[in-house]
Amino acid sequence: MISKKTTAIGTKSNLSTEKVFAIIEYLANQREPVKLRDIAHDLNMNPSTTLRFISSLEKLGYVIQNSSTLKYALTMKICSIAHKVVLNNNIRELASPFLKSLSRIYGESSCIAIEHEMQVVYIDTQEGPDQMLTTMKRIGNVAPMHCTGVGKLLLLNYNNADLTRYVAIKGLPKLTENTITTLPALKEELQKINKQGYAFDNEECEIGARCIAVPIRDYTTRVVAAMSVMGPIFRMDDNKIFENLPYLLDASVQLSKSLGYEEDRQSL
Numbered sequence: 001m002i003s004k005k006t007t008a009i010g011t012k013s014n015l016s017t018e019k020v021f022a023i024i025e026y027l028a029n030q031r032e033p034v035k036l037r038d039i040a041h042d043l044n045m046n047p048s049t050t051l052r053f054i055s056s057l058e059k060l061g062y063v064i065q066n067s068s069t070l071k072y073a074l075t076m077k078i079c080s081i082a083h084k085v086v087l088n089n090n091i092r093e094l095a096s097p098f099l100k101s102l103s104r105i106y107g108e109s110s111c112i113a114i115e116h117e118m119q120v121v122y123i124d125t126q127e128g129p130d131q132m133l134t135t136m137k138r139i140g141n142v143a144p145m146h147c148t149g150v151g152k153l154l155l156l157n158y159n160n161a162d163l164t165r166y167v168a169i170k171g172l173p174k175l176t177e178n179t180i181t182t183l184p185a186l187k188e189e190l191q192k193i194n195k196q197g198y199a200f201d202n203e204e205c206e207i208g209a210r211c212i213a214v215p216i217r218d219y220t221t222r223v224v225a226a227m228s229v230m231g232p233i234f235r236m237d238d239n240k241i242f243e244n245l246p247y248l249l250d251a252s253v254q255l256s257k258s259l260g261y262e263e264d265r266q267s268l
């Protein structure tokens with residue numbers, strides 16, 4: 001049973017969220033920076049409450065205050081989020097026919113994933129003929145980066161300092177006997193992946209499952225997503241994987257080109 005106190009807290013929280021978004025939308029509609037009193041007046045909010053929300057947004061990097069005029073405006077961080085939403089939706093739409101084709105060619109399940117907050121997030125999947133798709137790889141689910149094929153490819157965006165920070169925050173938890181659990185081993189694996197252009201998950205995340213993944217790059221050459229084919233290890237043998245690898249690599253190139261990637265730039 002939900003208490004009245006819990007309900008009241010939830011209602012208060014919802015109202016606070018609504019006010020924060022009201023401020024964001026208000027600032028987005030302004031042609032020039034505005035003062036605190038104008039924001040509070042136009043939104044019919046208490047000035048002290050408005051300041052509290054504005055300060056939180058400023059701390060998070062969504063709002064900036066001009067030190068001379070004391071006026072507030074949105075930062076480009078909002079645009080960055082909007083760009084990611086558009087990009088991810090675009091990637092999913094573009095990748096869909098490739099996932100279907102690869103699942104048909106390999107006779108296995110396929111998926112595409114992005115990175116969010118140092119985790120792999122699956123944004124689309126295509127089940128194979130026998131509908132063998134692990135729970136972890138369902139749309140919207142997350143997985144570690146260090147032990148998945150798609151995750152390792154996304155880690156190619158990280159420099160040494162980033163990798164050290166990643167390990168400090170997320171660690172390298174051992175999920176199976178094959179999981180990489182040390183930073184030197186992870187760096188060595190990423191160097192190998194960067195050179196060959198694809199990544200494996202050899203029962204590193206789940207016992208009995210094997211996958212091969214390829215990167216999807218945008219016009220900056222950054223790996224913005226990764227696509228993989230997965231199946232039970234007794235079916236995903238080397239012969240099957242490498243016989244069909246050209247199709248997977250071609251899908252990687254075609255998808256990357258659709259996002260503005262130029263192969264020549266990767267070597268610059």
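Numbering-wise (the numbering used here), the sequence shown opens with residue 1 and increments by one.
Yeah, the Cβ is synthetic: ideal placement off N, Cα and C, and Gly gets one too.
Would you tell me roughly how many angstroms separate the C-alpha atoms of residue i and residue j, rounded to the nearest one?
| i | j | result |
| --- | --- | --- |
| serine 16 | asparagine 29 | 20 Å |
| glutamate 93 | aspartate 124 | 9 Å |
| alanine 209 | glutamate 115 | 21 Å |
| glutamate 206 | valine 34 | 53 Å |
| threonine 135 | glycine 151 | The predicted model places threonine 135 with a pLDDT of 47, which falls under 50 and marks its position as unreliable; any figure quoted below should be read in that light. One C-alpha to the other measures close to 17 Å. |
| aspartate 201 | lysine 257 | 25 Å |
| leucine 248 | serine 109 | 13 Å |
| asparagine 160 | isoleucine 193 | 15 Å |
| lysine 174 | valine 142 | 16 Å |
| threonine 176 | threonine 49 | 50 Å |
| methionine 227 | tyrosine 219 | 18 Å |
| glutamate 58 | leucine 259 | 32 Å |
| methionine 76 | isoleucine 64 | 10 Å |
| cysteine 211 | glycine 171 | 22 Å |
| threonine 7 | lysine 19 | Note that threonine 7 scores a pLDDT of 44, beneath 50, so its modelled location is shaky and nothing firm can be said. |
| serine 56 | glutamine 119 | 25 Å |
| valine 121 | tyrosine 166 | 16 Å |
| methionine 45 | threonine 69 | 21 Å |
| serine 267 | alanine 168 | Any reading at serine 267 is ruled out, since the residue's pLDDT is 44, under 50, leaving its predicted position unreliable. |
Going by DSSP, name the residue or residues bridged to residue i.
| i | result |
| --- | --- |
| arginine 210 | Asn202 and Gly231 |
| isoleucine 24 | Paired residue(s): none; isoleucine 24 is not in a bridge. |
| isoleucine 114 | Val121 |
Could you check how far apart the C-beta atoms of residue i and residue j are, in whole angstroms? I think they sit under 8 Å.
| i | j | result |
| --- | --- | --- |
| tyrosine 106 | valine 253 | Contact flag wrong, Cβ pair sits at about 18 Å. |
| leucine 255 | alanine 95 | 6 Å |
| glycine 128 | serine 103 | 5 Å |
Please name the residue, chosen from the options, that lies closest to residue i on a Cα-to-Cα basis.
| i | options | result |
| --- | --- | --- |
| phenylalanine 21 | Tyr62, Phe200 and Pro33 | Tyr62 |
| arginine 52 | Leu36, Asn66 and Ser67 | Leu36 |
| threonine 182 | Ser67, Ser68 and His146 | His146 |
| alanine 251 | Ile23, Leu70 and Ala213 | Ala213 |
| glutamate 25 | Pro47, Leu60 and Ala73 | Ala73 |
| leucine 60 | Asp218, Ile169 and Ile78 | Ile78 |
| leucine 163 | Glu177, Gln191, Thr176 and Asn178 | Gln191 |
| phenylalanine 98 | Ala199, Glu117, Gln126 and Met118 | Gln126 |
| proline 232 | Glu243, Arg217, Glu203 and Phe242 | Glu203 |
| isoleucine 241 | Tyr198, Glu263 and Pro215 | Tyr198 |
| isoleucine 91 | Glu263, Glu243, Gln196 and Ile216 | Ile216 |
Measuring from the CB of residue i, is there a heavy atom of the ligand NAP at a distance below 6 Å?
| i | result |
| --- | --- |
| leucine 249 | This structure does not include the ligand NAP; it has no bound ligands of any sort. |
query = Is the segment 187 to 196 close to the segment 233 to 244, with three or more CB pairs under 8 Å?
reply = no
query = Counting Cβ pairs closer than 8 Å, one from the segment 223 to 234 and one from the segment 139 to 158, do we hit at least three?
reply = yes
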